[in-house]
Amino acid sequence: MSIKNKLENLIKDALKKLEMNSPDGEVNFVVEHPEDFKNGDYSTNVALVYAKKLKMKPVDLAEKILAELYEDTDEKGIKGVENIEIAGAGFINFYLTREFFSDSIKDILHKNEDWGRNNLLEGKKVMVEYTQPNPFKPFHIGHLMSNAIGESVSRIVEFSGAKTIRANYQGDVGPHIAKAIYGIMKDPEYLEARPLSRGLASKSASWIGECYSKGSDLYDNDPEAKKEIDVINKKVYDKSDEEINKVYDWGRKVTLEAFEELYKILGTKFDYYFFESEMAPIGEKIVRANVPNVFEESDPTPEQAQYGARGAIIFRAEKYNPKLHTRVFLTSQGIPLYETKEIGLTMTKFEKENPDISIVDTAIEQGEYMKVVQQAIALMHPELEKKMLHITHGMMRLASGKMSSRKGNVVTGESLLRDSMDVVLEKIQDRDFTEEEKKKVSEVVGVSALKYSILRSSVGSDIVYDFDKSISFEGDSGPYLQYSAIRAKSILAKAKSENLEAKPPKEVPEQISDLEKILYRFPEVVARSYEDLEPHNIATYLTELSSSFNSFYANTQILNNEDKFSSYYLALTKAFFITMQNGLWLLGIKLPERM
RNA sequence: GCUCCCGUAGUUCAACGGAUAGAAUGCAAGCUUGCGGAGUUUGUGAUUGAGGUUCGAUUCCUCACGGGAGCACCA
20 MSIKNKLENL IKDALKKLEM NSPDGEVNFV VEHPEDFKNG DYSTNVALVY AKKLKMKPVD
80 LAEKILAELY EDTDEKGIKG VENIEIAGAG FINFYLTREF FSDSIKDILH KNEDWGRNNL
140 LEGKKVMVEY TQPNPFKPFH IGHLMSNAIG ESVSRIVEFS GAKTIRANYQ GDVGPHIAKA
200 IYGIMKDPEY LEARPLSRGL ASKSASWIGE CYSKGSDLYD NDPEAKKEID VINKKVYDKS
260 DEEINKVYDW GRKVTLEAFE ELYKILGTKF DYYFFESEMA PIGEKIVRAN VPNVFEESDP
320 TPEQAQYGAR GAIIFRAEKY NPKLHTRVFL TSQGIPLYET KEIGLTMTKF EKENPDISIV
380 DTAIEQGEYM KVVQQAIALM HPELEKKMLH ITHGMMRLAS GKMSSRKGNV VTGESLLRDS
440 MDVVLEKIQD RDFTEEEKKK VSEVVGVSAL KYSILRSSVG SDIVYDFDKS ISFEGDSGPY
500 LQYSAIRAKS ILAKAKSENL EAKPPKEVPE QISDLEKILY RFPEVVARSY EDLEPHNIAT
560 YLTELSSSFN SFYANTQILN NEDKFSSYYL ALTKAFFITM QNGLWLLGIK LPERM
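Here it is in structure tokens:
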């Protein structure tokens, strides 16, 4: 049991003995870390919370609770607690012992790769769906955000004991495909000699992306093109045209291959790939089977009625929740919309893996419609209601005047990633690294810069990305964390070469370092990140930790035979490195060998 | 028009109803023969406005102002 839980239980016991349970039985005090170390390592507001209900002064109540806490233990006191004080308005502050901190360093060195794990999700299965790029379209910034967040959430639940299943959902049907195919088939080079491939998958994919944006423009502005694209759209569905089939099969294949290259750089490996084309019929069947108990057929609009058309299949979510609204699931022509595919997808996930929790990350625009879809599913399968979690990320807005990539193209997620890596490459150009090493380092550091700038903010908020400033390698950034960890690592390497091993030290200074006071908190941070599904808790913590280590580093000669505390410093360095390694892993950030 | 989210230093972000609102960046001034200066130390500077609840409000409630998203056959 963690010391935090222990303190919480002791306080609860003390309240019980004092017969001070609140009338509703709710215990809502917190045990937390004060901002300032001088206010202790843990602090509780219990006396402040209960004082009013009991019509007492907070300080008086704190005195009583304090007496009870001591009453509860033998004369040795509470293990791990050096001192308890009442301060401020009535806070009870706990100061932990030197031994506690020494033991926690020992614990970190011992647990190593497992340091920070918890068992909140022991035995559970969690499916996380994220990234969701569409074949035939560029990998844009939203996909990058979804990937960074989804990957980190996946790792956080994994560190909380769950078996994690990563899923990706991709739109391989729909008008965007027809637009891209139209663009391809009108491309002069294609018209001349019908070549498709442009070499590497990524090259081909970016050509398809350009074709898509041309096709999309024409669809909006040229009525003739719109007609042709609509025809192509039908042909993609019914597979009646040999040439279109060929372009479709090739385009789908190379864009997916190109995505795979990006996943490799980003550090994601999916267990499942779901496609809209497969989910549509499954969803349609479910929707039709639940008319009229869940879904209903709307009256056709006067226009539709003229042609003898029927109404659409809709779901009136506001009947069940006034905050929601009606949405169309099958068009009046019987075509399944995104909502229907989403039902097919959700049911497929539960059928295949039956996860205890199914997390989906999408952009914020999908927030309202997802609630409607989940309401419909909850009506059909009440047992799933609590298992479906939807998290939404905000928009990444680019600082004004910087709407194009370094190569002058429209900024996509991919261009941002490549630009970020290029910036690092320039920075390390004159280093004594081999070309291959430079490439590797620029990849790892470039990805880290981008991922960190996404993960440092809370998940829902928009991110403003300034091209010149935000791929920053100073201060609050991914590379800063990597740099700090690498410095620690190189000390460990040097120690090893001098036959010094980082192990729990025999002799430690009386004074407890700030670094120790932050290190032991890591598992709490991980647990909270899981509870909130917020990677930024980890990002913030690692920055604070790195900053603390860097101060320590600047003020202390770690390897020094003259200093009897040298082995203690080395153990701290190792504990720091382990924590950074595990924490960065949780953010989906790799550590380079050197940088 | 309706529903939801947001508004914190010049800028980009934190703060689970608590103590002196934390960082980073920017600007100003320092620090290295000691293991990586992508570092470190010090200074500077903020809760949109008006009410309310509370011992205590950036946090909860109401209104105003400002920004974003969604609201029937796109995804």
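The numbering of the first sequence is the numbering used here, which starts it at 20 and goes up by one. Each residue gets a CB set at the ideal place from its N, CA and C atoms; glycine is no exception.
Starting from the C-beta of residue i, find all residues in its chain whose C-beta is less than 7 Å away, skip the five residues before and the five after it, and write them out in chain order.
{"i": "A197", "result": "I248, I251, N252 and V255"}
{"i": "M399", "result": "N309 and V313"}
{"i": "S615", "result": "This structure gives no information on residue 615, because the portion of the chain shown stretches from 20 to 614."}
{"i": "L444", "result": "K457 and S461"}
{"i": "A220", "result": "V273, E276, A277 and E280"}
Would you kindly work out how many angstroms separate the C-alpha atoms of residue i and residue j, rounded to a whole number?
{"i": "L37", "j": "D290", "result": "54 Å"}
{"i": "S434", "j": "Y238", "result": "25 Å"}
{"i": "C230", "j": "V266", "result": "12 Å"}
{"i": "I537", "j": "E316", "result": "60 Å"}
{"i": "K446", "j": "N518", "result": "34 Å"}
{"i": "D55", "j": "Y114", "result": "12 Å"}
{"i": "A224", "j": "S467", "result": "24 Å"}
{"i": "S296", "j": "K31", "result": "55 Å"}
{"i": "L364", "j": "I301", "result": "8 Å"}
{"i": "P194", "j": "N569", "result": "53 Å"}
{"i": "L564", "j": "S477", "result": "19 Å"}
{"i": "G386", "j": "T359", "result": "16 Å"}
{"i": "S480", "j": "A546", "result": "22 Å"}
{"i": "K371", "j": "T150", "result": "20 Å"}
{"i": "Q600", "j": "A512", "result": "15 Å"}
Does the separation of the CB atoms of residue i and residue j fall below 8 Å?
{"i": "K609", "j": "G286", "result": "yes"}
{"i": "Y61", "j": "L29", "result": "no"}
{"i": "I410", "j": "I378", "result": "yes"}
{"i": "I160", "j": "G432", "result": "yes"}
{"i": "T7", "j": "A507", "result": "With the chain represented from 20 up to 614, any question about residue 7 goes unanswered, as that position is not in the structure."}
{"i": "V147", "j": "G180", "result": "no"}
{"i": "R540", "j": "H52", "result": "yes"}
{"i": "L606", "j": "L474", "result": "yes"}
{"i": "F48", "j": "N24", "result": "no"}
{"i": "A521", "j": "L128", "result": "yes"}
{"i": "S351", "j": "Q325", "result": "no"}
{"i": "M164", "j": "M415", "result": "yes"}
{"i": "I105", "j": "A81", "result": "yes"}
{"i": "V442", "j": "M614", "result": "no"}
{"i": "A594", "j": "I124", "result": "yes"}
{"i": "P321", "j": "R329", "result": "no"}
{"i": "I332", "j": "T345", "result": "no"}
{"i": "P152", "j": "H162", "result": "yes"}
For residue i, which residues in the same chain have their Cβ closer than 6 Å to its Cβ, ignoring the five residues on either side in sequence?
{"i": "D495", "result": "T562"}
{"i": "T183", "result": "V145, S173, V176 and E177"}
{"i": "E535", "result": "F120"}
{"i": "G602", "result": "I557 and L561"}
{"i": "A33", "result": "I84, E87 and L88"}
{"i": "P157", "result": "G228 and T431"}
{"i": "I354", "result": "none"}
{"i": "P42", "result": "Only weak support is given to the placement of P42: the predicted model assigns it a pLDDT of 49, under 50, and the value that follows is read from those uncertain coordinates. Excluding residues within five positions, none has a Cβ falling inside 6 Å."}
{"i": "N112", "result": "N58, G59, S62, E104 and A106"}
{"i": "N187", "result": "T150, F289 and Y292"}
{"i": "F584", "result": "P528"}
{"i": "K245", "result": "Y238"}
{"i": "I97", "result": "none"}
What does residue i pair with, by DSSP beta-bridge criteria?
{"i": "F113", "result": "Y61 and I103"}
{"i": "D290", "result": "BP columns for D290 are empty, so no partner."}
{"i": "I537", "result": "For I537, which the question treats as bridged, DSSP gives no partner whatsoever."}
{"i": "Y188", "result": "F293"}
{"i": "T367", "result": "Note: T367 sits in no beta bridge, so no partner."}
{"i": "P145", "result": "Going by the sequence as given, residue 145 is Val instead of Pro. In the DSSP output, where bridge partners are listed per residue, V145 has T183 and I376."}
{"i": "R613", "result": "None, per the DSSP bridge assignment."}
{"i": "T345", "result": "R335"}
Leaving out five residues on either side along the sequence, give the residues of the same chain with a beta carbon under 8 Å from the beta carbon of residue i.
{"i": "R117", "result": "E101, V527, E529 and I531"}
{"i": "G420", "result": "Annotation note: pLDDT 46 at G420 (below 50); position unreliable, coordinate value reported separately. The answer is none, since no qualifying residue turns up."}
{"i": "P542", "result": "S21, W134, G135, R136 and N137"}
{"i": "Q501", "result": "V463, V464, S467, L603, I608, L610, P611 and M614"}
{"i": "D582", "result": "Q576 and Y588"}
Closer than 7 Å: is that where the CB of residue i sits relative to any heavy atom of the ligand SAH?
{"i": "P214", "result": "This structure lacks the ligand SAH; in fact it carries no ligand of any kind."}
Is the segment 136-148 touching the segment 563-577 in the sense that three or more CB pairs, one from each, lie closer than 8 Å? Look at the beta carbons and you see the segment 563-577 not touching the segment 136-148: under three pairs across the two are nearer than 8 Å.
Contact between the segment 400-408 and the segment 117-133 (3+ Cβ pairs under 8 Å): no
Three or more C-beta pairs closer than 8 Å, one from the segment 199-216 and one from the segment 265-281: is that the case here? yes
Would the segment 337-351 count as touching the segment 380-394 if we require 3 or more Cβ pairs under 8 Å? yes
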